[in-house]
Amino acid sequence: MAIGLSQQQRWVAISLLVFRSFFNAQVVRTYFDPDEYWQSLEVAHRLAFGYGHLTWEWQKGVELRGYTYPVAFSLYYIILGFFGVDTRWMVAYGPRTLQGIAAFIGDVFVYRLAKKHYGDLAGKCTLFVQIFSWFYFYCSVRTYSNSIEMVFTVVALFYWPSNDHNHNSTDNITKALMFAAGAVALRPSSGAFWVYAGLRHLFFHFHDNRQRFTFIFLQVFPIGLLTVILTSLIDRVCYGFWTLTIINFFKINIIEGVSEDYGVHSWHWYFTQGMPSIIGTWSPFFVYGVYRSVVVRRRVGFLFEFMIWSMLVLSITKHKEFRFAFPLLPIACCYAGLGLASLISNREKISATRFAFYQVSVFVAVISNVLASFYLSFYHQSAPLQVLDFLSADPSLSSVDFLTPCHSTPFHSHLHRPDVTMRFLDCSPLLEALRNLEGMNFSIVHGIEEEDMFFKDDFSFVKSRYLKGTARWPSHFVTKSDVTEELKDFFFENGYKLCASFFHTHESKMTVYCLL
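The sequence shown lines up with residues -25 to -1, 1 to 491 when you count with mature numbering (1 follows the signal peptide of the UniProt record, and there is no 0).
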């Protein structure tokens, strides 16, 4: 990474990267999406310590998720337990430091990627843009499979040959395929991204069928087969039986459309809202970088083609999320970096007034990204982690019921107390898995979930569950501040008091009620 940098620049770059990775890991204290905990740390906690909640995706007969990503964190937990240092803090927050190390690698390779395609100055500017990218700061240290997918993708893109460069060695393409396979192992949907790259390489880099045969059967096929074998073995050990999660994922989320229960967007969302929001105030520099790429090279190049193809692939499904496009952010940073580098290199051709305007634009981009990074990472939706911190420090805690939108807080992975009983409002789709001799068929029944029943009439729901039903009374309740006054009175009348209240958003708080 340091090639092309002076000694002083090298230390500045290293200092910034250390800040971005390790300090970033400590600063992020907000809640973005349930998968950050429920599809990674919670599963890993169960594997390592024997307790933890598995959502419906992991249940027998569904097997929607692969264990490859959670297994990495379970090994970390097992090591902590072996040395007797599995403290609550190490279990809850240590994984983000590990994720920060991966983010550091992403920083190194985004510089190398931009330098390879557009030169050293563009590499430096790209690194600058990525360090001051609000979404990169916000997501890179979160325990999403998308975060590691992003790192694998940028490394694979660096090694991947393109028409613009003479990087066609067998070693490079093998490395690229291995890292691309790593991304696919974590996120099978990532495989669709690489279809274009593979076909492009197959038809534009090789001039005879012998080379194409070698590429397909001696490079792609062995690495792909090894990836399938390794991920299948991991799933076999963790599930206890053989299953192909990628097929189950396709059947349930694509054919049955269960993913649409979690939100739908228009087909153009990634183009008109998703990526523009992720790129943020660096967007003008991104557009200018794409323009400069066309002017200088007479074509946008492999990276932009890869980005557009991937966005088209992501646009196929109705359910869309910002984090699904996270692996494409480094590419956007490359073009924003190219745009910034072009302005710097053409300084003498630009009037003083225009250059001053560009300087102000960079300043605005940096400040806006810094403010957004810290507001979203430290303040907005910060209550869930504060609630778990509070509960873990309360010696009277013996059980807790979360009367909140389901999965709106971490669970066992952030409490790490086997003696505490925990319960939350279920929001699983009413899914029945039917097995027959020919395979597995999934029947999706959409009905009223426990969560919907609570928010339709919270007081009636709680009264039915705890006064008329058989549910045990917990030592603590966790709710949102917007529950009805009837429910608040219900807590007070049944021996509870308000113990704590935490800011969540400008419109709501999270509250904790505990026994008197």
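For every residue, glycine included, the Cβ atom is placed at its ideal position computed from N, Cα and C. Keep in mind it's a predicted model, so treat the numbers as computed, not measured.
**Request:** Decide yes or no for the touch test of the stretch 358 to 378 against the stretch 469 to 487: beta carbon pairs closer than 8 angstroms, at least 3 of them.
**Result:** yes
**Inter-residue Cα distance where the pair is Met397 and Arg447** = 11 angstroms
**Message:** In whole angstroms, give me the CA-to-CA distance for Leu304 and Gln186.
**Reply:** 33 angstroms
**Message:** Using only CA atoms, which one of Val126, Phe133 and Met65 lies nearest to Lys90?
**Reply:** Phe133
**Item:** Contact check, Leu490 vs Tyr471, beta carbons under 7 angstroms
**Value:** yes
**Prompt:** Mapping DSSP to helix, strand and coil, what is Cys381?
**Reply:** coil
**Item:** Spatial neighbours of Leu205 in its chain, beta-carbon cut-off 6 angstroms, leaving aside the 5 residues before and after
**Value:** none
**Separation of Phe24 from Ala317, as counted between CA atoms** = A quick correction: the sequence has Ser, not Ala, at residue 317. Their backbone Cα atoms lie some 53 angstroms apart in a straight line.
**Message:** According to DSSP, simplified to helix, strand and coil, what is His92?
**Reply:** helix
**Request:** Report the rounded CA-to-CA distance for Val437 versus Phe338, giving the unit in angstroms.
**Result:** 52 angstroms
**Request:** Please name the residue or residues paired with Ala307 in a DSSP beta bridge.
**Result:** DSSP, once it has assigned bridges, lists no residue as partnering Ala307.
**Item:** DSSP beta-bridge partners of residue 492
**Value:** The displayed coordinates of the chain run from -25 to 491. Any statement about residue 492 would go beyond what the structure contains.
**Message:** Quick check: what's the CA-CA separation for Ser418 versus Val262?
**Reply:** Unreliable positioning characterises Ser418 in this predicted model, as indicated by a pLDDT of 42, which lies under 50. The coordinate reading is nonetheless provided below. Going from the Cα of Ser418 to the Cα of Val262 covers about 46 angstroms.
**Item:** Start and end residues, beta strand (DSSP E) containing Phe477
**Value:** Tyr471 to Thr480
**Request:** Buried or exposed for Ala155, please, with buried defined as at least 16 other CB atoms from any protein chain shown within 10 angstroms of its CB.
**Result:** buried
**Request:** Leaving out five residues on either side along the sequence, give the residues of the same chain with a beta carbon under 8 angstroms from the beta carbon of Ile229.
**Result:** Thr292
**Asked** What are the boundary residues of the beta strand (DSSP E) that includes His484?
**Response** This sequence places Lys at residue 484; His is not what is there. Ser483 to Leu490 is the span of the beta strand (DSSP E), which, as asked, contains Lys484.
**Item:** Segment contact flag, the stretch 318 to 326 with the stretch 117 to 127, C-beta cutoff 8 angstroms, min 3 pairs
**Value:** no
**Message:** Please give me, in chain order, every unbroken run of the alpha helix (DSSP H) with length at least 4 that falls completely inside the stretch 49 to 136.
**Reply:** 63 to 93, 95 to 106, 109 to 114 and 120 to 134
**Prompt:** So, Tyr462 versus Phe434, is the Cβ gap smaller than 7 angstroms?
**Reply:** Inspection of the sequence shows that residue 462 is occupied by Leu rather than by Tyr. Yes, the pair counts as a contact, with Cβ atoms nearer than the cut-off.
**Asked** Got a sec, what are the start and stop residues for the alpha helix (DSSP H) Phe330 sits in?
**Response** Ala327 to Phe353
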